[in-house]
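Asks: A single structure is presented below for examination.
Residue numbers (our numbering): 116 to 398.
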């Protein structure tokens, strides 16, 4: 996680009202509208629109090259869209930087976990929250201000231990992150994400390289968090995982939205079967 220096601008999102959509009683937490992105004349995302309802674990699926990771990048500010809009919790966040979206409660993980290898697991988790008092040098050195820094650090340390316990990696707290297995790194990344106090998490291949026992543990934790009100948008190539854990599903193909619906609806959609899966994969 990166933290913005104090002099950088704050998130500049504005309240957004979409007049051309029918408003439901409870508006979606995330609205993606007509996103487009091209690289060197190749269109990676082509007019994609979808909603993610609060408190759901929504699956985003499609073959390699469908545009899923680029869509994640556009939503979270890693890339800026050529056109289209991203609306999170009623606010237009299109083009915001990742740290601005993190401060608003929208965070993501990556296919390859990005820990600080030469720091301990506990230090990695404690570093994740934004806008810590100790980031300002004067608070760290002035006697009166230092008290607040120490108090916050103590509170963060307690929260970090609780988070590590939740993901059952507290026994690794003093280990260097660089020594962890692939599955343990995934658990650490989720612990770091949780420390930012998000409302919504975009998970990019969270189970890649994870052994079956750790996979089961991580899925259990994700369902517990969803029941507590967290919202997830998940990219995953393992169709068994998607079909058994996500509802609804969003299907992309060649940069475009192909269809969306429940797992049963997607399984029985001839366009999906004909396009790239095959019945044995979705059946």
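Even for Gly, the Cβ is constructed at its ideal location relative to N, Cα and C.
Helix or strand or just coil, what does DSSP make of residue 214?
Replies: helix
Asks: Can you tell me where the beta strand (DSSP E) holding residue 209 begins and where it ends?
Replies: Neither: residue 209 is in no beta strand (DSSP E) and is coded neither H nor E.
Asks: Does residue 251 come out as helix, strand or coil in the three-state DSSP assignment?
Replies: Its pLDDT being 41, under 50, residue 251 is placed unreliably in this model, and the value from its coordinates should be taken loosely. In this structure, residue 251 counts as coil in the three-state DSSP scheme.
Asks: Which residues in the same chain as residue 147 place their Cβ atom closer than 7 Å to its Cβ, once the five residues preceding and following it in sequence are excluded?
Replies: 163, 164, 165, 190, 201
Asks: Would you kindly work out how many angstroms separate the C-alpha atoms of residue 187 and residue 144, rounded to a whole number?
Replies: 15 Å
Asks: Quick one: any contact between the region 276-296 and the region 227-243, if contact means 3 or more CB pairs under 8 Å?
Replies: Using a Cβ-Cβ distance cut-off of 8 Å, the region 276-296 and the region 227-243 are in contact, since at least three pairs of beta carbons, one from each stretch, lie closer than that value.
Asks: So for residue 352, helix, strand or coil by DSSP?
Replies: coil
Asks: Could you check where the beta strand (DSSP E) with residue 298 kicks off and where it finishes?
Replies: Careful: residue 298 lies outside any beta strand (DSSP E), inside the alpha helix (DSSP H) at 297-310.
Asks: Entirely within the region 134-196 and at least 3 residues each: give me those beta strand (DSSP E) ranges in chain order.
Replies: Listed in chain order, the complete beta strand (DSSP E) runs (minimum 3 residues) inside the region 134-196 are 145-154, 157-167, 172-176.
Asks: Counting C-beta neighbours from all protein chains within 10 Å, is the total for residue 179 16 or more, i.e. buried, or is it exposed?
Replies: exposed
Asks: Among the residues of its own chain, which have a CB less than 8 Å from the CB of residue 158, if the five just before and after it don't count?
Replies: These residues qualify, in order along the chain: 151, 152, 370.
Asks: In the DSSP assignment, what residue or residues form a beta bridge with residue 200?
Replies: 148
Asks: Pick helix, strand or coil for residue 284, following the three-state DSSP scheme.
Replies: coil
Asks: Evaluate the contact criterion for the region 216-227 versus the region 297-308: three or more CB pairs, one atom per stretch, below 8 Å.
Replies: yes
Asks: Can the beta-carbon of residue 349 be found closer than 7 Å to that of residue 174?
Replies: yes
Asks: Here's the rule: buried if 16 or more other CB atoms are within 10 angstroms of the residue's CB, otherwise exposed. What is residue 368?
Replies: buried
Asks: Using the C-alpha atoms, what's the distance from residue 346 back to residue 403?
Replies: In the structure displayed, the chain extends from 116 to 398; residue 403 sits before or after that span and is not available.
Asks: In the DSSP assignment, what are the bridge partners of residue 221?
Replies: 315
Asks: Could you spell out the range, first to last residue, of the alpha helix (DSSP H) harbouring residue 382?
Replies: 378-382
Asks: Taking just the CA atoms, how far does residue 211 sit from residue 242?
Replies: If I take the Cα positions, the gap works out to 22 Å.
Asks: In the DSSP assignment, find the beta strand (DSSP E) that holds residue 411 and state where it starts and stops.
Replies: Coverage of the chain is limited to positions 116 through 398, which leaves residue 411 absent and any answer about it impossible.
Asks: On the three-state DSSP scale, how would you describe residue 323?
Replies: In this structure, residue 323 counts as coil in the three-state DSSP scheme.
Asks: Near residue 374, what residues of its chain come up, given a Cβ to Cβ distance below 7 Å and the 5 sequence neighbours on each side ignored?
Replies: 366, 381, 384, 386, 387
Asks: In terms of alpha-carbon separation, which member of 323, 341, 312, 358 lies closest to residue 297?
Replies: It is 323 whose Cα lies nearest to the Cα of residue 297.
Asks: Under the three-state reduction of DSSP, which class applies to residue 373: helix, strand or coil?
Replies: strand
Asks: Looking at the unbroken alpha helix (DSSP H) that takes in residue 241, where does it start and where does it end?
Replies: 236-242 is the extent of the alpha helix (DSSP H) around residue 241.
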